[in-house]
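Worksheet: the structure to be examined is printed underneath.
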Amino acid sequence: MTAPVLFGLIVLVLAVVAYLVLRRAAPRRDNTPPATRPAELRAVPPTHQPVAVPHRAPSEGTPVAVSSRPLPPELATFRITPVQDMPPAQRDALTEALRNIPRPPRALHRLISPEFLATATSTEMSELVMSEPLIAAKVLSTVNSPLYGLQRSVTSIGQAITFLGMNTVRSICVRYLLDESFQASDPASRRVFEQLWTASAIASELCSRLSKQLHMADAGTLVTQVVLSFVGHMAVATLPQSRAQPALTDMSLDLVQRYSAQQQALGLCAPEIGRLLMTSWELPASIVQGVGDIDLVLTQPATGLDTTAATRRALPYLCARLAERLTARALDTLAQWHLATDTALCTHHLAGHLQPAQEAALQTLLGAPELQTSVDQLLGKGADTAA
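Heads up: the sequence shown runs through residues 1 to 387, numbered per the UniProt record's numbering.
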């Protein structure tokens with residue numbers, strides 16, 4: 001090969017190499033749509049430009065929105081006195097008075113234990129209830145009453161669970177087990193206990209149905225807690241001061257008024273008295289704490305709670321308050337009640353615990369005729385009409 005030809009080949013090779021290097025270094029046009037480009041190729045927006053965040057529905061772990069409603073002065077100055085702030089002499093006197101309330105049957109401890117609530121089968125519950133023959137007889141009598149409208153009589157706790165469900169049967173059992181501790185000899189006290197028993201039955205029925213419709217986890221615990229939230233009210237009714245001061249047990253009063261009267265007369269109000277009594281009974285600490293948390297809705301906004309915790313606190317509270325109003329005939333029907341127009345002090349913080357979609361769903365459920373029919377039966381309105 002001659003020198004000119006070799007020189008020409010070298011030049012050609014160098015030209016090809018130079019072309020390839022320059023082409024690789026030059027910017028390429030990317031026809032890939034921006035939405036499908038790899039993350040490392042997307043342009044980063046300048047820091048001074050806002051980045052739009054898509055809206056997501058509230059879920060577990062989502063903080064609740066802070067309510068902008070002004071706080072009523074009466075509620076702003078009210079505070080639930082904890083038992084540790086009570087003067088020692090007054091606390092000792094109250095503790096001594098509560099010792100006169102008999103301890104409930106031991107079956108209550110197992111029935112409301114967190115493990116039993118979470119894992120018990122219908123067979124295990126049936127066996128537990130049957131271990132208390134008197135309670136079992138009362139439960140079967142209630143289940144077979146016109147109240148539940150069963151098409152045929154049931155003869156066992158297992159059948160009752162099949163037709164009514166674990167939560168309903170459990171709440172009936174808890175009420176009858178508590179009834180063993182709260183007995184009254186005088187007519188006035190008996191009427192108060194009957195009202196409280198009715199209110200707890202309505203509250204548990206509402207909580208069972210509403211928690212199911214809202215697809216809330218561990219509904220059995222909520223239903224149990226709402227029944228136990230009436231223990232403090234029942235304990236107040238046993239004390240001598242309540243016979244002389246009807247305001248201490250008057251469910252037609254706003255909760256702030258009732259609790260204020262109780263604290264003035266007794267040193268503590270019903271939630272703290274209930275906590276004191278259930279602790280002395282050695283009920284599970286987690287259940288006692290959960291029951292006590294329900295009444296925090298009265299005085300505390302939902303600030304700091306996520307949506308799940310706020311709803312679990314608000315639902316039993318709402319059910320208890322509605323049940324009290326219905327029992328006291330301060331509310332005729334559930335359909336008449338609307339949270340948006342309720343000006344009661346006791347429901348001021350309630351709206352902040354519920355998401356708008358939850359509030360709308362609850363209003364629809366509370367307006368259902370079949371739910372009102374069940375409430376009317378618990379109130380004995382059908383019997384009144386027949387009479």
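Ideal Cβ positions, reconstructed from N, Cα and C, are used throughout, including at glycine. Everything numeric in this text was worked out from a predicted model, so none of it was measured.
Reduced DSSP secondary structure (H/G/I, E/B, other) of D306: In the sequence shown, counting from the first residue as 1, residue 306 sits at position 306. DSSP places D306 in strand when its eight states are reduced to three.
Can you tell me the Cα-Cα spacing of S141 and Y176, whole angstroms? Residue numbering aside, residue 141 sits at position 141 when the sequence shown is read from its first letter. Residue numbering aside, residue 176 sits at position 176 when the sequence shown is read from its first letter. Straight-line Cα distance between these residues: approximately 12 angstroms.
Is L134 buried or exposed, if buried means 16 or more other CB atoms sit within 10 Å of its CB? Here residue 134 is taken as the residue at index 134 of the sequence shown, counted from 1. Within 10 angstroms of the beta-carbon of L134 lie fewer than 16 other beta-carbons, which makes it exposed.
Starting from G292, trace the alpha helix (DSSP H) both ways and give me its first and last residue. For the purposes of this step, residue 292 is taken as the residue at position 292 of the sequence shown. DSSP places G292 inside the alpha helix (DSSP H), whose first and last residues are 285-294.
Cβ neighbour criterion (16 or more within 10 Å) applied to V44: Counting from 1 along the sequence shown, the entry for residue 44 is found at position 44. Note that V44 scores 32 on pLDDT, short of 50, meaning its location in the model is unreliable; the coordinates nonetheless yield the value given after this. Around the beta carbon of V44, fewer than 16 other beta carbons lie within 10 angstroms, which makes this residue exposed.
Expected contact under 8 angstroms - CB spacing of A351 and A199 to nearest Å: As a position in the sequence shown, residue 351 is number 351, starting the count at 1. As a position in the sequence shown, residue 199 is number 199, starting the count at 1. Rounded to the nearest angstrom, the Cβ distance from A351 to A199 is 22 angstroms, too far for a contact under 8 angstroms.
What number of angstroms, rounded off, separates the C-alpha of P187 from the C-alpha of P356? By one-based count along the sequence shown, residue 187 stands at place 187. By one-based count along the sequence shown, residue 356 stands at place 356. Between the alpha carbons of P187 and P356 lies a distance of about 45 angstroms.
Of the residues L318, L305, I157, which one's Cα is nearest the Cα of P342? Residue 342 sits at position 342 when you count from the first residue of the sequence shown. Checking the displayed sequence, the identity of residue 342 turns out to be Asp instead of Pro. Ranking L318, L305, I157 by CA distance to the CA of D342 puts L318 first.
For the region 71-106, which segments carrying the alpha helix (DSSP H) assignment without a break, of at least 4 residues, lie completely within its bounds, in sequence order? Segments of the alpha helix (DSSP H) lying fully in the region 71-106: 73-76, 88-98.
Taking the continuous alpha helix (DSSP H) assigned at H338, which residues delimit it? As a first step, residue 338 is located in the sequence shown; it is residue number 338 there, counting from the start. No alpha helix (DSSP H) contains H338, which DSSP labels as neither H nor E.
If you run the structure through DSSP and keep just helix, strand and coil, what is R42? Working through the sequence shown from its first residue, we reach residue 42 at position 42. Confidence is the limiting factor: at R42 the pLDDT is only 33, short of 50, which leaves the residue's position unreliable, though a coordinate-based value still follows. Coil, per DSSP.
Taking the alpha carbon of C269 as the reference point, which residue from A360, A235, P240 has its own alpha carbon closest? Residue numbering aside, residue 269 sits at position 269 when the sequence shown is read from its first letter. Of A360, A235, P240, the residue nearest in Cα terms is A235.
Using only alpha-carbon positions, find the residue among L354, Q372, S242, V256 that is nearest to E74. Translated into the one-based positions of the sequence shown, residue 74 becomes position 74. Closest in C-alpha terms to E74, from the list L354, Q372, S242, V256, comes V256.
Have a look at L196 and V174 and give me their C-alpha separation to the nearest angstrom. Taking the sequence shown and counting its residues from 1, the one referred to as residue 196 is at position 196. Taking the sequence shown and counting its residues from 1, the one referred to as residue 174 is at position 174. Rounded to the nearest angstrom, the two C-alpha atoms are 14 angstroms apart.
Pop quiz: G220 and L117 are said to be a contact at Cβ under 8 angstroms. What is the actual Cβ separation, rounded to whole angstroms? On the sequence shown, position 220 is the one that residue 220 refers to. On the sequence shown, position 117 is the one that residue 117 refers to. Indeed they touch by this definition, with Cβ atoms about 5 angstroms apart.
CA-CA distance, I294 and C346? In the sequence shown, counting from the first residue as 1, residue 294 sits at position 294. In the sequence shown, counting from the first residue as 1, residue 346 sits at position 346. Approximately 12 angstroms, taken between the alpha carbons.
Measure the C-alpha to C-alpha separation of L111 and M130 and round it to an integer number of angstroms. By 1-based counting over the sequence shown, the position of residue 111 is 111. By 1-based counting over the sequence shown, the position of residue 130 is 130. Note on geometry: alpha-carbon atoms of L111 and M130 lie some 12 angstroms from one another.
Neighbourhood of S181 by C-beta distance below 6 angstroms, restricted to the same chain and skipping five residues each side: Looking up residue 181 in the sequence shown gives position 181. Counting only Cβ-Cβ distances below 6 angstroms, and skipping sequence neighbours, we find I101, P102, P104.
What residue from R312, H338, Q263 has the CA that sits closest to R79's CA? Sequence index remark: in the sequence shown, residue 79 carries index 79 (1-based). Proximity to R79 across R312, H338, Q263 peaks at Q263, based on C-alpha coordinates.
In three-state DSSP terms, what is Q372? In the sequence shown, residue 372 corresponds to position 372, counting from 1. Look at Q372 here: in three-state DSSP terms it is helix.
Can you give the beta carbon distance from L266 to L239, rounded, assuming they're within the 8 angstroms contact cut? Looking up residue 266 in the sequence shown gives position 266. Looking up residue 239 in the sequence shown gives position 239. Under the criterion of beta carbons closer than 8 angstroms, L266 and L239 qualify as touching, at roughly 7 angstroms.
If you draw a straight line from the C-alpha of L331 to the C-alpha of V375, how long is it? As a working mapping, residue 331 is identified with position 331 in the sequence shown. As a working mapping, residue 375 is identified with position 375 in the sequence shown. In this structure, the CA atom of L331 is about 12 angstroms from the CA atom of V375.
Mind checking S280: buried by the 16 CB within 10 Å criterion, or exposed? Taking the first residue of the sequence shown as 1, we reach residue 280 at position 280. S280 sits exposed, since fewer than 16 C-beta atoms from the chains shown fall within 10 Å of its C-beta.
I think H353 touches V297, with their Cβ atoms under 8 angstroms apart; what is that distance to the nearest whole Å? Walking along the sequence shown from the start, residue 353 turns up at place 353. Walking along the sequence shown from the start, residue 297 turns up at place 297. Rounded, the Cβ-Cβ distance is 6 angstroms, consistent with contact.
Reference A76, options M125, Q300, T311, closest by Cα: Looking up residue 76 in the sequence shown gives position 76. Minimum Cα distance to A76 is reached at Q300.
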